[in-house]
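Trainee:
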Amino acid sequence: VIDDEEIVREMMKDVLEELGYTPLFAKNGKEGVELFKKIYNDIDLVMIDMNMPELAGRETFRKIKEIAPSVKTILISGFGLNGTVSKLLEEGFSAFLHKPFTLGELSEVLNEVLQ
């Protein structure tokens, strides 16, 4: 999970662990890409916030896809399905989650993407 908001990372840790996943976290795109480079073979899915300092969601997504083109990715954002989000989905994100989302919504999207 790559998200600059600490509260989001903390909530995602609790929820993802409750769902049986082993999550890893980065506080910005740059840190996320560096972590991904080191262990991408062990990662099934990357959740990327759209708006972050240092490296925004789009650039983070592109760098991650350069490293591992087949990795599944979920765009997470407080913005609805506007033009920017739609364009990002067209670039190859596997799914979109609108913040704030429920445990049920997260679980459903994870199941769809990881099947």
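What the sequence shown shows, in my numbering, is residues 1247 to 1361, in sequence order.
In this text, a Cβ means the ideal position worked out from N, Cα and C, and glycines have one as well.
(1) I need the boundaries of the alpha helix (DSSP H) containing residue 1262, first residue and last residue.
(2) Since residue 1274 contacts residue 1300 with CB under 8 Å, what's their CB separation in whole angstroms?
(3) Pick from 1268, 1303 and 1347: whose alpha carbon is nearest that of residue 1333?
(4) To the nearest angstrom, report how far apart residue 1317 and residue 1295 are at their CA atoms.
(5) In terms of DSSP beta bridges, what is residue 1292 paired with?
(6) Determine which residues share a DSSP beta bridge with residue 1272 and list them.
(7) Got a sec, what are the start and stop residues for the beta strand (DSSP E) residue 1325 sits in?
(8) Do residue 1292 and residue 1271 have their beta-carbon atoms positioned less than 9 Å apart in this structure?
(9) DSSP state of residue 1343, grouped into three classes?
(10) Inspect the beta-carbon positions of residue 1320 and residue 1355 and report whether they are closer than 9 Å.
(11) Look at the Cβ atom of residue 1261, then the Cβ atom of residue 1360, and state whether they are nearer than 9 Å.
(12) Evaluate residue 1253 with the Cβ neighbour count: other Cβ atoms within 10 Å of its Cβ, from every protein chain shown; 16 or more gives buried, anything less gives exposed.
Mentor: So, to answer that:
(1) Element bounds for residue 1262: 1252-1264.
(2) Indeed, because the Cβ distance is near 4 Å, the residues count as touching under 8 Å.
(3) Closest by alpha carbon: 1303.
(4) Taking C-alpha positions only, residue 1317 is separated from residue 1295 by approximately 16 Å.
(5) DSSP output for residue 1292 lists 1319 as bridge partner(s).
(6) Per DSSP, the beta bridge partners of residue 1272 are 1248.
(7) Annotation for residue 1325: no beta strand (DSSP E) segment contains it, and DSSP assigns it neither H nor E.
(8) Residue 1292 sits away from residue 1271, with the two beta carbons spaced by 9 Å or more.
(9) Residue 1343 falls in the strand class under three-state DSSP.
(10) It is a contact, given that the beta carbons lie within the stated cut-off.
(11) Using a Cβ distance threshold of 9 Å, residue 1261 and residue 1360 do not count as a contacting pair.
(12) Sixteen is the threshold: since fewer than 16 other Cβ atoms of the shown chains lie within 10 Å of the Cβ of residue 1253, the residue is exposed.
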